[in-house]
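Numbering (the working numbering), first residue to last: 534 to 621.
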């Protein structure tokens, strides 16, 4: 069973060969967080890391930079980079 509907969607997209990028904040986890949920999330995070789908960020600017780089990479892989626009 998946941790959430989002986790299920991430797995489904990855299985279909779609580009998937998941980012986790490096902010500390609240002390009153549900331990079972934390364990399930940690296992999901480990799974994503093993698949090479995981990134983490320190602040919103860091996240923005990583997302931009990931999108540029995906566009380049799809042949849609600035130097090679798609044929329409």
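Glycine included, C-beta positions come from ideal geometry on N, C-alpha and C.
Whole-Å CB distance - residue 611 paired with residue 554, under 8 Å assumed: On the chain shown, residue 611 is found 78 positions in, with the first residue counted as 1. On the chain shown, residue 554 is found 21 positions in, with the first residue counted as 1. Not confirmed; about 14 Å, so no contact.
Helix, strand or coil for residue 598 per DSSP? Sequence index remark: in the chain shown, residue 598 carries index 65 (1-based). It is helical.
Pick from 605, 582, 588 and 577 that is closest to residue 541, judged by C-alpha positions: Taking the first residue of the chain shown as position 1, residue 541 is located at position 8. The shortest Cα separation from residue 541 among 605, 582, 588 and 577 belongs to 577.
Local Cβ density within 10 Å of residue 568, reported as buried at 16 or more and exposed below that: Counting from one through the chain shown, the residue named residue 568 turns up at place 35. The residue in question, residue 568, is exposed, as its Cβ has fewer than 16 Cβ neighbours within 10 Å.
Going along the chain, which residues of its own chain have a beta-carbon closer than 6 Å to the beta-carbon of residue 547, five neighbours each way excluded? As a working note, residue 547 is residue 14 in the chain shown. Excluding residues within five positions, the ones whose Cβ falls inside 6 Å are 553.
Please classify residue 562 as buried or exposed, where buried requires at least 16 other C-beta atoms within 10 Å of its C-beta. Along the chain shown, read from residue 1 onward, the residue named residue 562 stands at position 29. By the 10 Å Cβ count, residue 562 comes out exposed.
State the DSSP-derived secondary structure class of residue 588, mapped to helix, strand or coil. As a position in the chain shown, residue 588 is number 55, starting the count at 1. In the displayed model, residue 588 falls within a strand according to three-state DSSP.
Near residue 539, what residues of its chain come up, given a Cβ to Cβ distance below 7 Å and the 5 sequence neighbours on each side ignored? Reading the chain shown from its first residue, position 6 is the one you call residue 539. Here the set comprises nothing.
Can you give me the C-alpha to C-alpha distance between residue 557 and residue 589, rounded to a whole angstrom? The sequence position of residue 557 within the chain shown is 24, counting from 1. The sequence position of residue 589 within the chain shown is 56, counting from 1. C-alpha of residue 557 to C-alpha of residue 589: approximately 5 Å in a straight line.
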